[in-house]
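What follows is a short report on a single structure.
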Amino acid sequence: MALIAGSLAFWAAAWWLNVRLAASRWAGTTAGRLAVPAIFGATLLVLWEGLVRGLSVPSVILPPPSAIAARFVVSTDILWADFVQTFVKGALTGYAIGALAAFAVALAADRWDVLRRGMLPVGSFMAALPIVGTAPILVMWFGFDWQSKAAVVVVMVFFPILVNTVEGLRAADAMQRDLMVTYAASPLQTLLKLRLPAAMPFVFNGLKISTTLALIGAIVAEFFGSPTLGMGFRISTEVGRLALDMVWAEIVVAALAGSAFYGVVAAVERRVTFWHPSQRGRG
Amino acid sequence: MADAAVTASPGAGVAGRGRFAARAARAVWPVLMVVGVTVGLWYAACLPMNVKESLNQAERAGAVIVPEGGQARRDASPWGLMAQNPAHLGGVWSQDRPRLPAPHQVAVELYETTVGMALAGRAFSNRSLFTHAWVTLSATLLGFGIGTALGILLAVGIVHNRAMDMSVMPWAIASQTIPILALAPMIVVVLNSVGISGLLPKALISAYLSFFPVVVGMVKGLRSPEAAQLDLLWTYNATPAQTLWKLRLPASMPYLFASLKVGVAASLVGAIVGELPTGAVAGLGARLLAGSYYGQTVQIWSALFAAAILAALLVGLIGLLQRVVLGRMGMGR
Chain A
8 MALIAGSLAF
18 WAAAWWLNVR
28 LAASRWAGTT
38 AGRLAVPAIF
48 GATLLVLWEG
58 LVRGLSVPSV
68 ILPPPSAIAA
78 RFVVSTDILW
88 ADFVQTFVKG
98 ALTGYAIGAL
108 AAFAVALAAD
118 RWDVLRRGML
128 PVGSFMAALP
138 IVGTAPILVM
148 WFGFDWQSKA
158 AVVVVMVFFP
168 ILVNTVEGLR
178 AADAMQRDLM
188 VTYAASPLQT
198 LLKLRLPAAM
208 PFVFNGLKIS
218 TTLALIGAIV
228 AEFFGSPTLG
238 MGFRISTEVG
248 RLALDMVWAE
258 IVVAALAGSA
268 FYGVVAAVER
278 RVTFWHPSQR
288 GRG
Chain B
92 MADAAVTASP
102 GAGVAGRGRF
112 AARAARAVWP
122 VLMVVGVTVG
132 LWYAACLPMN
142 VKESLNQAER
152 AGAVIVPEGG
162 QARRDASPWG
172 LMAQNPAHLG
182 GVWSQDRPRL
192 PAPHQVAVEL
202 YETTVGMALA
212 GRAFSNRSLF
222 THAWVTLSAT
232 LLGFGIGTAL
242 GILLAVGIVH
252 NRAMDMSVMP
262 WAIASQTIPI
272 LALAPMIVVV
282 LNSVGISGLL
292 PKALISAYLS
302 FFPVVVGMVK
312 GLRSPEAAQL
322 DLLWTYNATP
332 AQTLWKLRLP
342 ASMPYLFASL
352 KVGVAASLVG
362 AIVGELPTGA
372 VAGLGARLLA
382 GSYYGQTVQI
392 WSALFAAAIL
402 AALLVGLIGL
412 LQRVVLGRMG
422 MGR
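Sequence lines, in order, name chains A and B. For the first sequence, the working numbering gives the first residue as 8, with consecutive numbering after it. For the second sequence, the working numbering gives the first residue as 92, with consecutive numbering after it.
Put into structure tokens, the structure is as follows:
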């Protein structure tokens with residue numbers, strides 16, 4: 008009972024603090040912008056821990072965060088092996104292949120206008136479909152190991168990147184293209200010096216959307232068959248054994264990997280498209 | 092652009108309807124071409140994918156195949172087999188359990204498990220795709236409804252409360268980079284163990300997946316009115332509730348529909364993946380899983396196409412709603 012009351016009191020106190028912080032002159036500073044969500048996140052964890060322990064929720068339903076953290080620390084070697092199998096081998100390989108393929112097709116679609124007008128509607132249509140459903144087929148074709156996961160990822164990331172790149176290659180406006188004509192630039196020079204750089208914000212939009220899709224594809228494909236390691240394999244088997252602390256530890260890994268992957272792509276974007284209005288004034 | 096030339100051509104105004112048809116044709120035929128090429132490549136791909144099973148079958152039926160015996164052919168290259176046995180390749184498009192079913196096989200299976208069964212008066216029997224599609228669709232729609240309603244509520248809260256904005260918004264954005272779908276098996280199994288099964292666990296996954304796109308889109312939308320418009324309502328002495336109903340919500344509609352499209356597609360994926368851990372009882376995800384257990388590839392492909400058609404219908408429906416609503420509000424293009 009004391010635990011429940013304590014965590015609720017902590018929640019109230021933290022919320023009061025956040026309201027005060029948000030209204031204070033700290034709100035505009037970087038420290039304030041980081042502190043408020045951090046306090047909120049910590050509150051959720053405390054509330055979770057307190058309620059689970061206070062109401063004595065069995066750990067086969069919801070383990071407390073401390074148990075998850077303990078499990079995480081104990082089984083780092085398993086988690087690391089799963090991470091390498093699913094993320095490095097499956098997701099990253101597939102992401103690279105899919106992105107390169109989409110980029111090549113986008114360049115071809117840009118070169119032949121008929122192709123673009125056919126590809127764009129089909130591509131946007133495909134991007135909205137539940138492509139993750141191809142997983143059982145691709146697992147059947149490429150076997151249980153990471154190759155089939157990479158294949159699922161390729162199909163999943165292909166269409167968002169294709170559609171965004173094709174859109175982006177049309178982003179340079181007529182005035183800028185005319186300028187290149189007055190310079191007597193060849194089509195290749197126009198592509199390399201004007202239209203590809205102008206397309207980069209769009210390309211990175213597609214790349215950023217695809218980071219999450221890549222992880223989802225690699226994990227879900229493992230539900231349809233995998234060797235005895237991998238994040239999706241671990242999640243489905245440990246759920247079956249009701250070892251939920253391990254499942255949550257695996258989800259923490261997935262969350263960390265997903266945010267880090269997104270962060271890396273966003274950081275590259277900032278370097279590449281430093282000239283774009285959305286990136287200016289960020290220091 | 093060629094469009095400009097068409098518009099400027101003499102007599103363009105007279106032949107308005109013909110020009111519309113011509114423009115529609117211009118838009119449609121490249122799409123048809125891409126689809127046609129895809130189907131053609133698909134048929135062609137059936138050759139190397141199914142050649143071994145097809146030759147085995149032909150040999151059992153008494154034909155003479157060049158490397159004799161299935162053992163000898165197992166590790167041979169499909170291209171070599173195709174070149175050596177050109178007369179016995181017809182079977183690649185009519186296998187029972189092909190590695191890659193031909194398009195017409197999928198189409199026939201789709202027809203038989205939907206319209207065919209409906210004509211036989213068994214539209215909602217266990218083998219009918221209508222049954223499975225409805226199981227998935229009901230979970231999708233329930234979850235999508237819950238997720239959208241909660242998402243709009245949270246967005247309204249975020250716009251009106253600075254502390255909430257600063258606390259919740261970074262997490263809402265960060266959560267979009269996390270593969271939330273990985274939670275699906277756990278949610279289903281845990282809810283099952285406390286006695287909640289059937290529709291609700293899947294709907295919760297769907298709700299969770301459609302929730303965050305709606306929050307992020309609606310916050311953007313509710314903030315889209317310009318300062319001058321907000322100032323005008325301020326001079327009218329409007330209450331925050333009046334500002335919300337008369338300015339912020341109407342202004343957010345384009346953003347709402349954009350995120351609804353993303354949300355409904357995510358909801359469908361959530362419902363399909365939510366069906367996987369329950370052991371393939373009913374639903375499109377269950378059809379996928381059962382198909383992959385028993386090597387029923389045609390069944391997998393038809394479930395996949397059913398899911399694709401469902402997704403297209405849902406997104407198309409929201410697109411239609413968007414056009415009607417925005418048109419009535421004077422915001423249509």
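Here a beta-carbon is modelled for each residue, glycine too, at the ideal position from N, C-alpha and C.
Residue i - containing alpha helix (DSSP H), residue span
{"i": "N283 of chain B", "result": "275 to 284"}
{"i": "K337 of chain B", "result": "Where K337 of chain B is concerned, there is no enclosing alpha helix (DSSP H), given that its DSSP letter is neither H nor E."}
{"i": "H195 of chain B", "result": "194 to 202"}
{"i": "Q413 of chain B", "result": "388 to 419"}
{"i": "N25 of chain A", "result": "9 to 30"}
{"i": "Y327 of chain B", "result": "From DSSP, Y327 of chain B is part of no alpha helix (DSSP H); its letter is neither H nor E."}
{"i": "L198 of chain A", "result": "Element bounds for L198 of chain A: n/a, residue is neither H nor E."}
{"i": "T239 of chain B", "result": "220 to 251"}
{"i": "V164 of chain A", "result": "153 to 175"}
{"i": "Y385 of chain B", "result": "375 to 385"}
Residue i: contacting residues in chain B (beta-carbon distance under 7 Å)
{"i": "V246 of chain A", "result": "P276, M277, V280, P368"}
{"i": "I218 of chain A", "result": "Residue identity differs from the one stated: residue 218 of chain A is Thr in this sequence, not Ile. In chain order: T268."}
{"i": "N212 of chain A", "result": "Neighbours of N212 of chain A on chain B: none; closest Cβ ~13 Å, over 7 Å."}
{"i": "I258 of chain A", "result": "A273, L274"}
Own chain partners of residue i with C-beta closer than 7 Å, once the 5 adjacent residues on each side are dropped
{"i": "A136 of chain B", "result": "L191"}
{"i": "W18 of chain A", "result": "T50, L54"}
{"i": "Q320 of chain B", "result": "L338"}
{"i": "A402 of chain B", "result": "A356, L359"}
{"i": "Q183 of chain A", "result": "L201"}
{"i": "G116 of chain A", "result": "As written in the sequence, residue 116 of chain A is Ala, which differs from the Gly given in the question. The answer, listed in chain order, is L122, R123, M126, V173."}
Residues that residue i contacts on chain B, provided the C-beta gap is smaller than 9 Å
{"i": "W87 of chain A", "result": "None at all; the shortest Cβ gap to chain B is about 17 Å."}
{"i": "A19 of chain A", "result": "Those within 9 Å of A19 of chain A in chain B number zero; the least Cβ separation is about 13 Å."}
{"i": "V139 of chain A", "result": "L272, V360, I363, V364"}
Of the residues the options, the one placed nearest residue i, counting alpha carbons only
{"i": "T219 of chain A", "options": "A:V188, A:A116, A:A273", "result": "A:A273"}
{"i": "G410 of chain B", "options": "B:G376, B:G286, B:F348, B:S301", "result": "B:F348"}
{"i": "S73 of chain A", "options": "A:V59, A:L86, A:I85", "result": "A:V59"}
{"i": "Y346 of chain B", "options": "B:R378, B:A377, B:L313", "result": "B:L313"}
{"i": "H283 of chain A", "options": "A:K96, A:V260, A:M207", "result": "A:M207"}
{"i": "F132 of chain A", "options": "A:P167, A:S155, A:I144", "result": "A:P167"}
{"i": "V126 of chain B", "options": "A:A205, A:A45, A:L236, A:R124", "result": "A:R124"}
{"i": "T172 of chain A", "options": "A:F79, A:L15, A:S14, A:R118", "result": "A:R118"}
{"i": "N176 of chain B", "options": "B:N147, B:P331, B:R213", "result": "B:N147"}
{"i": "A118 of chain B", "options": "A:M126, A:G213, A:L136", "result": "A:M126"}
{"i": "L251 of chain A", "options": "A:V64, A:G35, A:I75", "result": "A:I75"}
Beta-carbon spacing of residue i, residue j below 8 Å
{"i": "G175 of chain A", "j": "F209 of chain A", "result": "yes"}
{"i": "F47 of chain A", "j": "A264 of chain A", "result": "no"}
{"i": "P270 of chain B", "j": "L367 of chain B", "result": "no"}
{"i": "T205 of chain B", "j": "V305 of chain B", "result": "no"}
{"i": "F262 of chain A", "j": "Y102 of chain A", "result": "It should be pointed out that residue 262 of chain A corresponds to Ala in this sequence rather than to Phe. Contact: no."}
{"i": "V122 of chain B", "j": "L272 of chain B", "result": "no"}
{"i": "E450 of chain B", "j": "Q390 of chain B", "result": "Residue coverage of chain B in this structure runs from 92 to 424, which leaves residue 450 of chain B outside it and unanswerable."}
{"i": "V228 of chain A", "j": "S285 of chain A", "result": "A small fix is needed here, since residue 228 of chain A is Ala in this sequence, not Val. No, the Cβ-Cβ distance between A228 of chain A and S285 of chain A is not below 8 Å."}
{"i": "M173 of chain B", "j": "V142 of chain B", "result": "yes"}
{"i": "V43 of chain A", "j": "A29 of chain A", "result": "yes"}
{"i": "S258 of chain B", "j": "N25 of chain A", "result": "yes"}
{"i": "A224 of chain B", "j": "A294 of chain B", "result": "no"}
{"i": "L180 of chain B", "j": "S145 of chain B", "result": "yes"}
Per-residue contacts from residue i into chain A (C-beta, under 8 Å)
{"i": "A284 of chain B", "result": "Correcting the residue type first, residue 284 of chain B is Ser in the shown sequence and not Ala. Simply V67, I68, L249."}
{"i": "M309 of chain B", "result": "Correct list: empty, because the minimum Cβ distance to chain A is about 19 Å."}
{"i": "A265 of chain B", "result": "S266"}
Proximal residues to residue i (C-beta, below 6 Å), its chain only, five neighbours per side dropped
{"i": "W133 of chain B", "result": "P194"}
{"i": "L86 of chain A", "result": "V260"}
{"i": "A357 of chain B", "result": "L300, S301"}
{"i": "A93 of chain B", "result": "Only weak support exists for where A93 of chain B lies, its pLDDT of 38 falling under 50; the coordinates are left without a value."}
{"i": "M147 of chain A", "result": "none"}
{"i": "L405 of chain B", "result": "V355"}
{"i": "G361 of chain B", "result": "I296, S297, L300"}
{"i": "A211 of chain A", "result": "Checking the sequence shown, residue 211 of chain A turns out to be Phe, not Ala. Closer than 6 Å at the Cβ level, and outside the excluded window around F211 of chain A, lie E276."}
{"i": "A98 of chain A", "result": "V160, A221, L222, A225"}
Neighbourhood of residue i by C-beta distance below 8 Å, restricted to the same chain and skipping five residues each side
{"i": "F90 of chain A", "result": "M238, V260, A264"}
{"i": "F396 of chain B", "result": "V197, L201"}
{"i": "I264 of chain B", "result": "V307"}
Listed by chain order, chain A residues near residue i by CB distance under 9 Å
{"i": "V372 of chain B", "result": "Residues of chain A passing the Cβ test: none, with the nearest at roughly 16 Å."}
Cross-chain neighbours of residue i in chain A, by beta carbon under 7 Å
{"i": "I391 of chain B", "result": "P143, I144"}
{"i": "M344 of chain B", "result": "Within 7 Å Cβ-Cβ: nothing; M344 of chain B doesn't reach chain A, min ~20 Å."}
{"i": "S258 of chain B", "result": "N25, V43, P44, F47"}
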